[in-house]
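Asks:
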Amino acid sequence: MRAVQVTEFGGPEVLKAVDVPEPTAGPGQVLIDVTRIGLNYADTHQVENSYQTLTRLPFVPGGEVVGRTPDGRRVVALLAGGGGYAERAVAEEAMTFPVPDGVDDLTALSMLVQGTTAWILLRKNAHLEPGESVVVHAAAGGVGTIAVQLAKAWGAGRVVATASSDEKRALALELGADVAVDSRADDMTATLIEANGRRVDIVLDMVGGTTTDQSVAALAPFGRLVFYGMAGRTPPKPVELRNLLGHSTTVAGMWLPHVFRLPGDLYGTALTELFELARAGGVRAVAGGEYALSDARAAHEALRSRGTVGKLLLDPTR
């Protein structure tokens with residue numbers, strides 16, 4: 000079967016479509032005939048071996064697919080060990096979820112990682128309360144587009160979006176943001192406070208660098224910043240705990256795999272609610288572009304340029 004296999008770590012240039020043996024499902028697993036593959040920014044880190052977990056060569060990247068099982072079920076699945084950039088993939092049955100009628104492939108994949116990430120950031124980490132202000136950095140991205148919509152749906156008093164272009168800022172406003180500002184602002188602290196009219200209550204940040212540093216400085220008393228990625232590839236400054244006393248602020252981190260270590264089924268609750276919201280028109284997925292499997296390199300180049308919006312997909316039939 001055709002798949003994208005990485006035999007050396009590096010940038011998008013190491014992504015090459017080749018023929019590989021077809022995977023087989025073992026006990027507790029299911030084989031999926033893939034119809035679409037979801038891309039995440041984390042995939043770019045995995046390919047260069049800078050992700051939270053180290054990867055061994057050779058490997059097929061990709062952690063999310065939608066398709067059909069041999070018995071005809073339409074499912075979306077998380078692939079903890081990779082293998083998603085392929086015509087067929089094997090998933091653990093426990094990480095495979097039915098796709099309801101009325102939910103298309105784009106929406107299913109948008110909610111699987113980006114949607115659940117936004118849900119957990121706002122509900123579990125930030126504990127959003129009605130009337131609070133929410134800053135969504137990278138608001139036109141996969142997580143950002145959904146986070147803007149959820150924050151408004153859940154009663155945020157003011158949603159401040161940041162994005163790098165007029166087109167992206169217009170998209171954030173269309174999705175419900177109250178104001179959209181340039182993510183390249185020299186002084187993000189002053190920009191956020193001015194946009195909100197006061198210090199901000201919640202910041203969702205996956206950029207890193209000075210964006211994180213200056214966002215922490217913009218927090219109101221009992222404000223919370225949740226850090227869930229480093230798209231800028233520059234780490235923020237270490238947080239001095241004594242400095243948090245100045246405004247009684249909280250800085251938290253979130254990595255989605257940790258959700259599965261919690262008792263109960265928080266992830267399943269989030270995904271089910273998101274699918275229902277999508278079916279009811281309460282949240283929508285934003286298409287960011289569809290690439291042929293053989294063009295995975297171009298897809299990663301687009302992701303790394305940070306010029307994309309919404310959800311990017313790969314088509315395994317091309």
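Residue 260 in numbering that gives the first Met the number 0 sits at position 261 of the sequence shown; the count goes up by one each step and never skips. Backbone N, C-alpha and C fix where the C-beta goes; we use that ideal spot for every residue, glycine too. Treat the numbers as computed from the prediction; the structure is a model and nothing was measured.
Checking 9 Å against the spacing of the C-beta atoms, do L292 and L302 come in under that value?
Replies: Counted from its first residue, the sequence shown places residue 292 at position 293. Counted from its first residue, the sequence shown places residue 302 at position 303. It is not a contact, given that the beta carbons lie outside the stated cut-off.
Asks: Return the bridge partner residues of Q213 from the DSSP annotation.
Replies: Taking the first residue of the sequence shown as position 1, residue 213 is located at position 214. Partner(s): none; Q213 has no beta bridge.
Asks: Express the C-alpha separation of A16 and M0 in angstroms, rounding to a whole number.
Replies: By 1-based counting over the sequence shown, the position of residue 0 is 1. By 1-based counting over the sequence shown, the position of residue 16 is 17. Computed Cα separation, rounded: 10 Å.
Asks: Can you check whether the CB of G141 is closer than 9 Å to the CB of V135?
Replies: In the sequence shown, the residue the question calls residue 135 occupies position 136. In the sequence shown, the residue the question calls residue 141 occupies position 142. It is not a contact, given that the beta carbons lie outside the stated cut-off.
Asks: Whole-angstrom Cβ separation of G102 and R278, contact assumed at under 8 Å?
Replies: Within the sequence shown, residue 102 is the residue found at index 103, counting from 1. Within the sequence shown, residue 278 is the residue found at index 279, counting from 1. Going by the sequence as given, residue 102 is Val instead of Gly. Rounded, the Cβ-Cβ distance is 6 Å, consistent with contact.
Asks: Hey, out of A295, D294, D32, R296, whose CA is closest to A90's CA?
Replies: What you label residue 90 is simply residue 91 of the sequence shown in a count that begins at 1. For A90, the nearest C-alpha among the options comes from D32.
Asks: Assign W254 to one of two classes, buried (16 or more other C-beta atoms within 10 Å of its C-beta) or exposed (fewer than that).
Replies: As a position in the sequence shown, residue 254 is number 255, starting the count at 1. Classification for W254: exposed.
Asks: Using a Cβ distance threshold of 8 Å, determine whether the region 196-208 contacts the region 220-229, with at least three qualifying pairs required.
Replies: yes
Asks: Using the three-state DSSP reduction, which class does G236 fall into: helix, strand or coil?
Replies: Position 237 of the sequence shown, counted from the start, is the residue given in the question as residue 236. The identity of residue 236 in the sequence shown is Lys, whereas the question assumes Gly. The answer is coil: DSSP assigns K236 none of H, G, I, E or B.
Asks: Run through DSSP, which three-state label would T116 get?
Replies: Here residue 116 corresponds to residue number 117 of the sequence shown, with the count starting at 1. Here T116 sits in helix by DSSP.
Asks: Quick check: is any heavy atom of the ligand MG less than 8 Å from the C-beta of E92?
Replies: As for the ligand MG, it is missing from this structure, which has no ligand bound.
Asks: Counting only the same chain and skipping the five closest in sequence on each side, list residues whose C-beta sits under 8 Å from that of P57.
Replies: Locating residue 57 in the sequence shown gives position 58, counting from the first residue. Excluding sequence neighbours, P57 sits near Q4, V5, T6.
Asks: For A297 and Y290, what's the separation of their Cα atoms in angstroms?
Replies: In the sequence shown, counting from the first residue as 1, residue 297 sits at position 298. In the sequence shown, counting from the first residue as 1, residue 290 sits at position 291. So the alpha carbons of these two residues sit roughly 8 Å apart.
Asks: In the DSSP assignment, what residue or residues form a beta bridge with F274?
Replies: As a position in the sequence shown, residue 274 is number 275, starting the count at 1. DSSP, once it has assigned bridges, lists no residue as partnering F274.
Asks: By DSSP, does P11 sit in helix, in strand, or in coil?
Replies: If you number the sequence shown from 1, residue 11 lands on position 12. Helix, per DSSP.
Asks: Which residue from D294, V285, G208, E275 puts its Cα closest to that of D100?
Replies: The residue you call residue 100 lines up with position 101 of the sequence shown. Taking only the C-alpha atoms, the option nearest D100 is E275.
Asks: Closest by CA to G71, which one among V98, F259, L111?
Replies: Within the sequence shown, residue 71 is the residue found at index 72, counting from 1. Of V98, F259, L111, the residue nearest in Cα terms is V98.
Asks: Using three-state DSSP, classify S127 as helix, strand or coil.
Replies: For the purposes of this step, residue 127 is taken as the residue at position 128 of the sequence shown. As written in the sequence, residue 127 is Leu, which differs from the Ser given in the question. In the structure shown, L127 sits in coil (DSSP, three-state: anything other than H, G, I, E or B).
Asks: Can you check which of these residues, L14, V13, G81, is closest to P22 by C-alpha distance?
Replies: Here residue 22 refers to the residue found at position 23 when the sequence shown is read from its first residue. Selected option, being the one with the closest Cα: G81.
Asks: So, helix, strand or coil for A179, using DSSP?
Replies: By 1-based counting over the sequence shown, the position of residue 179 is 180. Strand, per DSSP.
Asks: From L78, H44, Q45, R73, pick the residue whose C-alpha is nearest to that of Q28; which is it?
Replies: For the purposes of this step, residue 28 is taken as residue 29 along the sequence shown, with counting starting at 1. Q28 has its Cα closest to that of L78, out of L78, H44, Q45, R73.
Asks: CA-CA distance, D204 and R305?
Replies: For the purposes of this step, residue 204 is identified with residue 205 of the sequence shown, where counting begins at 1. For the purposes of this step, residue 305 is identified with residue 306 of the sequence shown, where counting begins at 1. Taking the straight line from one Cα to the other gives about 15 Å.
Asks: Going by C-alpha distance, which of T209, E193, R232, E12 is nearest S132?
Replies: The residue labelled residue 132 in the question sits at position 133 within the sequence shown. Comparing alpha carbon positions, the residue from T209, E193, R232, E12 closest to S132 is E193.
Asks: On the criterion of 16 or more Cβ atoms from any shown chain inside 10 Å, does T115 qualify as buried, or is it exposed?
Replies: Translated into the one-based positions of the sequence shown, residue 115 becomes position 116. So T115 counts as buried.
Asks: Rounding to the nearest angstrom, what Cα-Cα distance links W118 and L149 in this structure?
Replies: Stepping through the sequence shown from its first residue, residue 118 is reached at position 119. Stepping through the sequence shown from its first residue, residue 149 is reached at position 150. Whole-angstrom Cα-Cα distance: 7 Å.
Asks: Considering Cα atoms alone, identify which of T211, A41, V282, V74 is closest to P235.
Replies: Counting from 1 along the sequence shown, the entry for residue 235 is found at position 236. When only C-alpha atoms are compared, the closest one is T211.
Asks: State the Cα-Cα distance for the pair G175 and K167, rounded to the nearest angstrom.
Replies: Locating residue 175 in the sequence shown gives position 176, where the first residue counts as 1. Locating residue 167 in the sequence shown gives position 168, where the first residue counts as 1. When rounded, the distance between both Cα atoms is 13 Å.
Asks: How would you write the range of the beta strand (DSSP E) that V367 sits in, first residue to last?
Replies: In the structure as shown, the chain starts at 0 and stops at 317, and residue 367 therefore has no counterpart that could be examined.
Asks: Using only CA atoms, which one of D294, R317, G281, D18 lies nearest to K151?
Replies: Within the sequence shown, numbered from 1, the residue matching residue 151 stands at position 152. Here the closest residue by C-alpha is G281.
Asks: Could you give the residue range of the beta strand (DSSP E) that holds E91?
Replies: The residue labelled residue 91 in the question sits at position 92 within the sequence shown. Segment 87-91, the beta strand (DSSP E) holding E91.
Asks: In terms of DSSP beta bridges, what is P60 paired with?
Replies: One-based indexing of the sequence shown puts residue 60 at position 61. Looking at the DSSP assignment, P60 forms no beta bridge with any residue, so it has no partner.
Asks: Using only the alpha-carbon positions, how far apart do V215 and V250 sit?
Replies: Residue 215 sits at position 216 when you count from the first residue of the sequence shown. Residue 250 sits at position 251 when you count from the first residue of the sequence shown. The alpha-carbon of V215 is positioned some 8 Å away from that of V250.
Asks: By a C-beta neighbour count over all protein chains shown, 10 Å radius and 16 as the cutoff for buried, is H299 buried or exposed?
Replies: Taking the sequence shown and counting its residues from 1, one reaches residue 299 at position 300. Answer is buried; the Cβ neighbour count reaches 16.
Asks: Is it buried or exposed for R35, if we count other Cβ within 10 angstroms and need 16 for buried?
Replies: One-based indexing of the sequence shown puts residue 35 at position 36. R35 comes out buried.
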